[in-house]
Every structure is written in structure tokens, then in C-alpha cells.
Amino acid sequence: MTNEDLRLLAVQRFANYNLQTDADLQELISMAADICDTPTAAITLLDESSQWLKVKIGIEHEKIPRETSFCNYAIQSDELMIVPDTLRDTRLVNNPLVVNEPNFRFYAAAPLITTDGQCLGTLCVVDQKPHTLNKYQQIMLKMLSKQAINIMELKLSQQLLEQHQKELEDQKRAISEAEIKLRSFFESSVNFHVLLGKKGELLDYNKTAYSFVKKAYQAKLVRGCEFVQYIEPGFRDTFLVNYTLCLAGEKSYEEGFTDYSELGRIWWEVSFEPAYNNENEIIGISYLVRNVTDRKLYEQKIIEQNQSLIKIAYIQAHEYRGPLTSIMGLMNLIKEDNYVAPPEYLQMMETVVNKLDAKIHEVINDVTNIALDV
Numbered sequence: 008m009t010n011e012d013l014r015l016l017a018v019q020r021f022a023n024y025n026l027q028t029d030a031d032l033q034e035l036i037s038m039a040a041d042i043c044d045t046p047t048a049a050i051t052l053l054d055e056s057s058q059w060l061k062v063k064i065g066i067e068h069e070k071i072p073r074e075t076s077f078c079n080y081a082i083q084s085d086e087l088m089i090v091p092d093t094l095r096d097t098r099l100v101n102n103p104l105v106v107n108e109p110n111f112r113f114y115a116a117a118p119l120i121t122t123d124g125q126c127l128g129t130l131c132v133v134d135q136k137p138h139t140l141n142k143y144q145q146i147m148l149k150m151l152s153k154q155a156i157n158i159m160e161l162k163l164s165q166q167l168l169e170q171h172q173k174e175l176e177d178q179k180r181a182i183s184e185a186e187i188k189l190r191s192f193f194e195s196s197v198n199f200h201v202l203l204g205k206k207g208e209l210l211d212y213n214k215t216a217y218s219f220v221k222k223a224y225q226a227k228l229v230r231g232c233e234f235v236q237y238i239e240p241g242f243r244d245t246f247l248v249n250y251t252l253c254l255a256g257e258k259s260y261e262e263g264f265t266d267y268s269e270l271g272r273i274w275w276e277v278s279f280e281p282a283y284n285n286e287n288e289i290i291g292i293s294y295l296v297r298n299v300t301d302r303k304l305y306e307q308k309i310i311e312q313n314q315s316l317i318k319i320a321y322i323q324a325h326e327y328r329g330p331l332t333s334i335m336g337l338m339n340l341i342k343e344d345n346y347v348a349p350p351e352y353l354q355m356m357e358t359v360v361n362k363l364d365a366k367i368h369e370v371i372n373d374v375t376n377i378a379l380d381v
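Residue numbers (our numbering): 8 to 381.
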């Protein structure tokens, strides 16, 4: 990156700073015009293609092309630049600002140099007649340029600080809102939910967890306590195995039931998931317990109903098959004794029996299928 590139970056820092409304800078260029006895004074910034007159008196221009700028020469040195008569300076004699309106004849400028050594532009004074500066005026112009850059850097720092403070407050507000939403979700959950540290200590818990421990163990959850004391002995080994796997980054799932003296039998499903910080490091685990007792009781009820249906189907089948067997036996006896009956009668009875048998099988299958589906 060249020196000019670095200088342009420094200029860019002040590009969006509203210098022209700054009362301190406005007062400063008025002092410069009075001390140097000129009608015109300005604080200028030079970017890649233009000279910007950021604070000014006695001139209407907001910007001019850099190639016609007097200040383009002034920023090439750290010293004061004085041109008593532009018509006698080969650099400026043919400049449009000299040969045309506003017909500048005198120019003096002190460079605006930042604390890191970059020249942004100048504090300049201009007149439409030849002019000169005595030693006192030259010293004051240099001092005023240093004061100008001090004011500019101070105001810019304050502006950046205010902007940073606003961004910080916005960020805090966003984080606070996110925490409130997360906490609300955490607290409103009907599931038992706790966060555990890497040493098994309780980091956080929701209302459901607090209420359950209070009812089941007549104890109050306290952050920092050893959580394993609230795990039933029959599940404790399984809990510790899954807890260790979770700290290694593996999720796990268990289900079962526990008999509590105060709450009775509770069916549950538990999940273990790693908890990460912003650097994606595991800092503990999320332990979530879902109470599925109602579902389990319903499932048991369905199973019992299925068994009842199957039993009914079995009994009904036997009740139908008894008469059916008797009818078939009588028919065989009639046939064996050479009993003479109209063929149509026997055929009709056989048809009825076959339909009855088919219907029984149909009923048995339907009942069995319903029981299995439920």
C-alpha cells in the first residue's frame, strides 16, 4: 500500500463527519481570516479526485477538481505554503481559479497532519489581491492548523465513541431480548429441564424441575449443588454413563419409569445433549425429562382392550362353532342312515352352513385386525 493510499484512507475517516456545522471549526477559520487579513479561509480535505471545502467563509464552492486545487501542492510538504502573487507562480498562473472568477491572487496554507502523520488537506487563506504574511501571521496559521486537526480528531473520536456506544447498547438490548425469550421458553416448558456443568454441578433449572424436586424430595434446587443426589439409585449408573458420553459430545436417550413414594409411578423419557459456549466448546450438558405417564397409561389401556377383544373373538368363535359342528354331524348321520330328503333341502342347509362358517371367519378376522390396529 502506497503513502497516497494510506493518506486517502485517513481522509475517508472524516468523509462522513459533518465538519461544516461544527461551531469550533467555524470560529477557528474566522480567526484565521482575521489574523491573516484575508476575506476567505477554509478547511479542505483532498480525496482521490476532489478538494472538499468542508468549513469555509468568503467562498461559495463546495468542491473543486483536485487538479485545479492550490491545496494539491500544499499537502506535498509539512511546511507552510505561501504564494504572494499567483500570477508570478508558474504552478498557478494558468489555473482556472486565477484566470477566471474568483481570480485568486494570494494563497497561504498550513497542512492538516493527523497524529499518525497523514496529511488530510489544509487550513488555507485566500485573497483576490497580492498579499503576504508576516512572521506572526505565519506562526498563528500553523498553530491554527494544528488546533483544527486536534478538534477534528477529537470530534471524530467522540462521534465514533457515541456510535460504538449506540452499537453496544443495541447489541446489549438484542442480547437481553434474546435472553428474555430464551428464558421464557425455558421456564414455560412443561418438561423437567436442567443445565449441568462439567463437574455435575447444577448451572440452571426451570420451574418444572424446581417444583418436581420440591414435591418428590422435599428439597429446593440450588445452583451449584451436586445434581446426582436427585437421581434415583436405580437409574444413577445409567445417568452417569450417559452424562460422561455427553461431555464427550455424544447425544443419548433413555426411557423407563420410577416409583416415587409421594408421586407414585412416573413413566419418563430423558435426553442428554451437550451444551456449548460461543467458542463451540462443551461446558456441560442439557438434561431434559419428559413425563409420559399419561401416554403409557393410555397405551396399557389399549393393550388391555386388545386382549379383551381377542378373548371375545375367541369365545364367540367357539360359541358359533359348537352349533355348527352339531349341524354338520346331524347331516352326516342323515346321510349314513340313508335318510331320504329332498336334495334341495340338503343343498340349502349346506349353503346356509357354509355361509355361517364364512361369516364367523370374517367376524374373527375383523375383530382381530381391529385389536391389532388399536
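In this text, a Cβ means the ideal position worked out from N, Cα and C, and glycines have one as well.
Source: prediction; values computed, not measured.
Nearest-angstrom Cα separation, counted from L130 out to K153: For the purposes of this step, residue 153 is taken as the residue at position 146 of the sequence shown. For the purposes of this step, residue 130 is taken as the residue at position 123 of the sequence shown. Those two C-alpha atoms are separated by around 9 angstroms.
Closest residue to F263 among T245, Q314, A255 (Cα-Cα distance): Working through the sequence shown from its first residue, we reach residue 263 at position 256. Per the sequence shown, the amino acid found at residue 263 is Gly instead of Phe. Among T245, Q314, A255, the Cα nearest to that of G263 is on T245.
Boundaries (first-last residue) of the beta strand (DSSP E) holding G263: Residue numbering aside, residue 263 sits at position 256 when the sequence shown is read from its first letter. For G263, the enclosing beta strand (DSSP E) stretches over residues 259-267.
Terminal residues of the alpha helix (DSSP H) in which N198 lies: Your numbering for residue 198 matches position 191 in the sequence shown. Careful: N198 lies outside any alpha helix (DSSP H) and carries neither H nor E.
Extent of the continuous beta strand (DSSP E) run through V228: As a first step, residue 228 is located in the sequence shown; it is residue number 221 there, counting from the start. The question names Val, yet the displayed sequence has Leu at residue 228. Following the DSSP letters along the chain, one finds L228 in no beta strand (DSSP E), marked with neither H nor E.
R272 beta carbon near the ligand FMN (any heavy atom closer than 7 angstroms): For the structure depicted, the ligand FMN is absent and the ligand set is empty, with no information on it obtainable.
Counterpart residues of Q58 in DSSP-defined beta bridges: For the purposes of this step, residue 58 is taken as the residue at position 51 of the sequence shown. The beta-bridge partner set that DSSP reports for Q58 consists of L53, I71.
Cβ shell of E69 (< 8 angstroms), same chain only, five flanking positions each side left out: Counting from 1 along the sequence shown, the entry for residue 69 is found at position 62. Within the same chain, E69 has close Cβ partners W59, L60.
Closest residue to M147 among E11, N10, L35 (Cα-Cα distance): The sequence position of residue 147 within the sequence shown is 140, counting from 1. Considering only E11, N10, L35, the residue with the shortest C-alpha distance to M147 is L35.
8 angstroms Cβ cutoff met for I445 and G128: As displayed, the chain neither begins before 8 nor continues past 381, which places residue 445 out of reach and without an answer.
Three or more C-beta pairs below 8 angstroms linking the stretch 222-240 and the stretch 252-259: no
Three-state secondary structure (DSSP) of K206: Taking the first residue of the sequence shown as 1, we reach residue 206 at position 199. Collapsing the DSSP output to three states places K206 in coil.
Which of helix, strand or coil DSSP assigns to R180: Counting from one through the sequence shown, the residue named residue 180 turns up at place 173. Three-state result, R180: helix.
Endpoints, beta strand (DSSP E) assigned at A255: Here the question's residue 255 lines up with position 248 in the sequence shown. Taken as a continuous stretch (DSSP letters only), A255 belongs to no beta strand (DSSP E), as it is neither H nor E.
Sequence-distant residues of its chain with Cβ nearer than 6 angstroms to F77 (five each side left out): The residue you call residue 77 lines up with position 70 of the sequence shown. Once the five neighbours on either side are set aside, the close Cβ partners of F77 are Y114.
Stretch pair the stretch 202-218 + the stretch 230-239: three plus CB contacts closer than 8 angstroms: yes
Cα-Cα separation, Q166 to E174: Position 159 of the sequence shown, counted from the first residue, corresponds to residue 166. Position 167 of the sequence shown, counted from the first residue, corresponds to residue 174. Roughly 12 angstroms between the two C-alpha positions.
DSSP bridge partner residues for F113 (one or two, in chain order): Here residue 113 is taken as the residue at index 106 of the sequence shown, counted from 1. Beta-bridge pairing links F113 to D134.
Secondary structure of N298, DSSP reduced to three states: Looking up residue 298 in the sequence shown gives position 291. Strand.
Pairwise C-alpha distance: N287 and P118: As a working mapping, residue 118 is identified with position 111 in the sequence shown. As a working mapping, residue 287 is identified with position 280 in the sequence shown. Taken atom to atom, the span from the alpha-carbon of P118 to that of N287 is near 51 angstroms.
Closest Cα partner of F21 within the set I156, A49, W274: Stepping through the sequence shown from its first residue, residue 21 is reached at position 14. If we check each option's Cα against that of F21, I156 comes out closest.
Residue range of the unbroken beta strand (DSSP E) whose run includes M38: Here residue 38 refers to the residue found at position 31 of the sequence shown. First-last for M38: 30-43, but that is the alpha helix (DSSP H), not the beta strand (DSSP E).
Of the residues C126, Y143, N107, M88, the one placed nearest A116, counting alpha carbons only: Mapped onto the sequence shown, residue 116 falls at position 109. Considering only alpha carbons, the answer is M88.
Range covered by the beta strand (DSSP E) that runs through P281: For the purposes of this step, residue 281 is identified with residue 274 of the sequence shown, where counting begins at 1. Segment 271-283, the beta strand (DSSP E) holding P281.
Terminal residues of the alpha helix (DSSP H) in which V106 lies: For this step, residue 106 is matched to residue 99 along the sequence shown. Under the DSSP assignment, V106 falls in the alpha helix (DSSP H) whose first and last residues are 103-106.
Cβ shell of T215 (< 8 angstroms), same chain only, five flanking positions each side left out: Counted from its first residue, the sequence shown places residue 215 at position 208. S196, V197, N198, F199, H200, listed in sequence order.
Identity of the residue in I66, S57, E86 nearest R73 by Cα: For the purposes of this step, residue 73 is taken as the residue at position 66 of the sequence shown. Minimum Cα distance to R73 is reached at S57.
Beta-carbon proximity of I42 to Q135, cut-off 8 angstroms: As a position in the sequence shown, residue 42 is number 35, starting the count at 1. As a position in the sequence shown, residue 135 is number 128, starting the count at 1. Contact: no.
CA nearest to the CA of E261, picked from L228, V299, N284: For the purposes of this step, residue 261 is taken as the residue at position 254 of the sequence shown. Of the listed residues, the one whose Cα sits closest to E261 is V299.
Run of the alpha helix (DSSP H) containing V235, from where it starts to where it stops: Sequence index remark: in the sequence shown, residue 235 carries index 228 (1-based). Element bounds for V235: n/a, residue is neither H nor E.
V90, enclosing beta strand (DSSP E) - first and last residue: The residue you call residue 90 lines up with position 83 of the sequence shown. Its beta strand (DSSP E) spans residues 88-90.
Reduced DSSP secondary structure (H/G/I, E/B, other) of S84: Indexing the sequence shown from 1 puts residue 84 at position 77. Three-state DSSP puts S84 in coil, outside helix and strand.
Reduced DSSP secondary structure (H/G/I, E/B, other) of I310: Your numbering for residue 310 matches position 303 in the sequence shown. Look at I310 here: in three-state DSSP terms it is helix.
Beta-carbon proximity of T28 to V133, cut-off 8 angstroms: The residue given as residue 28 occupies position 21 in the sequence shown. The residue given as residue 133 occupies position 126 in the sequence shown. Remark: C-beta atoms of T28 and V133 do not approach each other more closely than 8 angstroms.
Whole-angstrom C-beta distance between T121 and A17, which should lie under 8 angstroms: As a working note, residue 17 is residue 10 in the sequence shown. As a working note, residue 121 is residue 114 in the sequence shown. Rounded, the Cβ-Cβ distance is 6 angstroms, consistent with contact.
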